[in-house]
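Numbering (numbering that gives the first Met the number 0), first residue to last: 0 to 179.
Yeah, the Cβ is synthetic: ideal placement off N, Cα and C, and Gly gets one too.
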Amino acid sequence: MTGVASAAAAPAPEVRATVRALVLDADERLLLQAYLDPTVHRPGGLPHREPVWIAPGGGLAPGEGAEAGLERELREETGLVGVAWGPWLWRRTVDLHYQGRVRRFVEHYRLGRLPAAAPRAAPTALDAHERGVLLDHRWWPLPELLATTATVYPPRLAERLAAVLAGADTREVVDISHEG
Numbered sequence: 000m001t002g003v004a005s006a007a008a009a010p011a012p013e014v015r016a017t018v019r020a021l022v023l024d025a026d027e028r029l030l031l032q033a034y035l036d037p038t039v040h041r042p043g044g045l046p047h048r049e050p051v052w053i054a055p056g057g058g059l060a061p062g063e064g065a066e067a068g069l070e071r072e073l074r075e076e077t078g079l080v081g082v083a084w085g086p087w088l089w090r091r092t093v094d095l096h097y098q099g100r101v102r103r104f105v106e107h108y109r110l111g112r113l114p115a116a117a118p119r120a121a122p123t124a125l126d127a128h129e130r131g132v133l134l135d136h137r138w139w140p141l142p143e144l145l146a147t148t149a150t151v152y153p154p155r156l157a158e159r160l161a162a163v164l165a166g167a168d169t170r171e172v173v174d175i176s177h178e179g
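So, in structure tokens, the structure goes:
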């Protein structure tokens, strides 16, 4: 030995398959929810001190399909049902320190539409953790979403959604992991 200590390899993060709903109302406003969990951060980074805006959704239960999980998560977090689902648009992989350990979130985003204008979002089945971190729901007009200084995840959500609404090709799921 040369006296140089070898560093033990860190274990691979646990993978968390996640689905998120990009739900538009009849006026093409996007539903986002304010989320603030001071324990969530990127490995080596600092937690947010202000709420971030995210699409409703969450982790899949063991053996649960993406479509069923997305409808369940949307119903639990917003009470909304009857979404006309469109294509899966984006995939994003991000490592986050979450509930005491680093997890690799593999998020899939799907577009959906509701026939009503800004129906009231009312959670129906939040667990204790979600009740403490989900703060609000808001229907965002695209111009306001494009102009906001609030933190929105995934990064570039507004620009990417604007392209979809303008007719961008949605036949292939786009990996947006490199955007943060």
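Going by other Cβ atoms of all chains shown within 10 Å of its Cβ, with 16 needed for buried, is A120 buried or exposed? With a 10 Å radius around the Cβ and a threshold of 16 neighbouring Cβ atoms, A120 comes out buried.
Please confirm whether V132 and Y34 have their CB atoms less than 8 Å apart. The answer is yes: Cβ separation under 8 Å.
Beta-carbon separation of G85 and L113 under 8 Å? Contact: no.
N- and C-terminal bounds of the alpha helix (DSSP H) containing A67: Counting along the chain, the unbroken alpha helix (DSSP H) around A67 starts and ends at A65 to T77.
Cβ shell of A115 (< 7 Å), same chain only, five flanking positions each side left out: Excluding five sequence positions before and after A115, the CB atoms of its chain that fall closer than 7 Å to its own CB belong to D24 and A25, given in chain order.
Select from P42, A54 and E13 the residue whose C-alpha is nearest the C-alpha of P153. Selected option, being the one with the closest Cα: A54.
For V51, which residues does DSSP report across the bridge? DSSP output for V51 lists Y34 and T150 as bridge partner(s).
Contact check, V172 vs W89, beta carbons under 8 Å: Their beta carbons are under 8 Å apart, which means V172 touches W89 by this criterion.
Give the C-beta separation of V18 and H128 to the nearest angstrom, bearing in mind that I take them to be a contact with Cβ-Cβ under 8 Å. Wrong, their Cβ atoms sit about 18 Å apart, outside the cutoff.
Any idea what DSSP makes of P86, helix, strand or coil? DSSP places P86 in strand when its eight states are reduced to three.
Taking the alpha-carbon of R155 as reference, which of D174, A67, D168 and H96 has the nearest alpha-carbon? Ranking D174, A67, D168 and H96 by Cα distance to R155 puts D174 first.
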